Amino acid sequence: GERVYKGQPLLELYSPDLVAAQREYLIAVESGEAVANLVEASRHRLTNWDISEDQIERLESSGKITRTMTIISPANGIVISKKVSEGDYLKPGAKLYEISDLSTVWVVAHVYEQDVPFVYMDQKAGVLLPNTDNIKITATISYVSPFLDTHGQVEIRLDINNSDYRLMPEMYAEVSITSQLKGDQLVIPRSAVINSGVRKLAYVVSGDDVYEPRVIVTGAVGDDDNIAVLSGLSENELVVTSGQFLLDSESRLSEALAEGYQTGHDHGNTHETHDASHEQVSKLPEPDPDEFVATGGHNIYTCPMPEHYYVIQYGEGNCSECGMKLVPLNETDNWQVYVCPMTECRVTQDHKGECPVCAMNLVRYQPEKNHDQ
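In the working numbering, each number is its position in the sequence shown, counted from 1, plus 630.
What follows is the structure, encoded as structure tokens:
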């Protein structure tokens, strides 16, 4: 961890071969131009010992062979490792020191596939170091990998000036990249979107106390926490930005009650009752029970990225944070999942609470692990 500078002595080395190399060089120099090639070869042999040009010139001017030669640092930097001690015998090619120049460091980040079109070389990015007094630094993207990794991400590198050596290898950083989208975009607050994994919904105000669920397709997320809407909404429509989860739960409960009434009462009016239920829930049918896996009726999926443990839902879909495909809960180590004991409520979250549909207390859910993994 010690800082060293270019030209600073690191160690003294004794070797009979080094003494012989010095003697050979002096003999070649004394022989004059007749053996110019020998002089050059002898000089090259000394440089292979990491003998500096200044040391070679002093040897030539003094004509004195030294029993030891001083090895100096070739650059400014930090000693990452020291693999030699006084009195050690060294083999050719042995590593003595590892010196790293930390005056410029890389920040390595990973970009999801859908965000790659917005990242390019020499682009500016913000780097936040949350564990170091939230230091914020502006960096430049110096490399964008041409390949996706196994997680569907692209590696990028950013160059940061570290002349004050406050940044250290393996520190954690958060990178934010801002890119300008082309043309005008229809945007809504991100909080207005309900992501079920299978689809994304927004509730539109269509009258007094009347809310219409719309299936929408979303795009990029802005730095002001707005999200672009590619289809499903029109300009100047009003959307619900809070409490829409309760609206969605009430809609599902209404559907369940209507289906129960249809099954247990007048079978002669089945078609009429079905139509009423169909209108009441605004075309949001319950998923087919056959889709449930053997986890006690709770077909729960979550994001495979541990930091997105809170993205949990019934059924397949994509993570609302990173876009990755969700996986069954029993294929992950995510234990922080609570569900309503009434599976028809289809309520799941990452903390204790009360079911907004039936008011029962949520319970910890622990599915059986997949033993085939």
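Even for Gly, the Cβ is constructed at its ideal location relative to N, Cα and C. None of the values given here were measured: they were computed from a predicted structure.
Query: Here's a check: name, in chain order, each residue in its chain whose Cβ is nearer than 8 Å to the Cβ of Leu656, leaving out the five neighbours to either side.; Result: Leu689, Glu690, Gly693 and Ile695
Query: Straight-line CA distance for Asn929 to Asp855?; Result: 30 Å
Query: Alpha carbon to alpha carbon, what distance is there between Trp736 and Glu946?; Result: 37 Å
Query: Hey, Arg844 and Leu831: beta-carbon distance below 9 Å or not?; Result: yes
Query: Here's the rule: buried if 16 or more other CB atoms are within 10 angstroms of the residue's CB, otherwise exposed. What is Ala803?; Result: buried
Query: Would the segment 763-770 count as touching the segment 780-793 if we require 3 or more Cβ pairs under 8 Å?; Result: yes
Query: Could you name the residues that DSSP lists as bridge partners for Pro639?; Result: Ile702
Query: Are there 16 or more other CB atoms within 10 angstroms of the CB of Tyr750, so buried, or fewer, so exposed?; Result: exposed
Query: Using CA coordinates, which residue listed in Thr780, Asn667 and Leu732 is at the minimum distance from Glu800?; Result: Leu732
Query: Quick check: the Cα distance between Gly953 and Lys725, rounded to an integer number of angstroms?; Result: 45 Å
Query: Nearest to Val851 by CA position, among Gln744, Val987, Tyr968 and Glu683, is which residue?; Result: Gln744
Query: What is the rounded straight-line gap between the Cα of Ala671 and the Cα of Asp779?; Result: 48 Å
Query: Go to Leu648, then tell me how far its beta strand (DSSP E) extends in each direction, as first and last residue.; Result: Premise fails: Leu648 lies in the alpha helix (DSSP H), Pro646 to Glu660, not in any beta strand (DSSP E).
Query: For Ser836, count neighbouring Cβ atoms within 10 angstroms of its own Cβ and tell me buried if that reaches 16, exposed if not.; Result: exposed
Query: Please classify His781: does DSSP put it in a helix, a strand, or coil?; Result: coil
Query: May I have the straight-line CA-CA distance separating Val869 from Leu863, to the nearest angstrom?; Result: 9 Å
Query: Determine the DSSP secondary structure at His674, reduced to helix, strand or coil.; Result: helix
Query: Span of the alpha helix (DSSP H) holding Arg697?; Result: Element bounds for Arg697: n/a, residue is neither H nor E.
Query: Provide the residue span of the beta strand (DSSP E) that contains His740, from first to last.; Result: Thr734 to Tyr742
Query: Would you please state the rounded distance, in angstroms, between the beta carbons of Ile818 and Val859? I believe it to be under 8 Å.; Result: 6 Å
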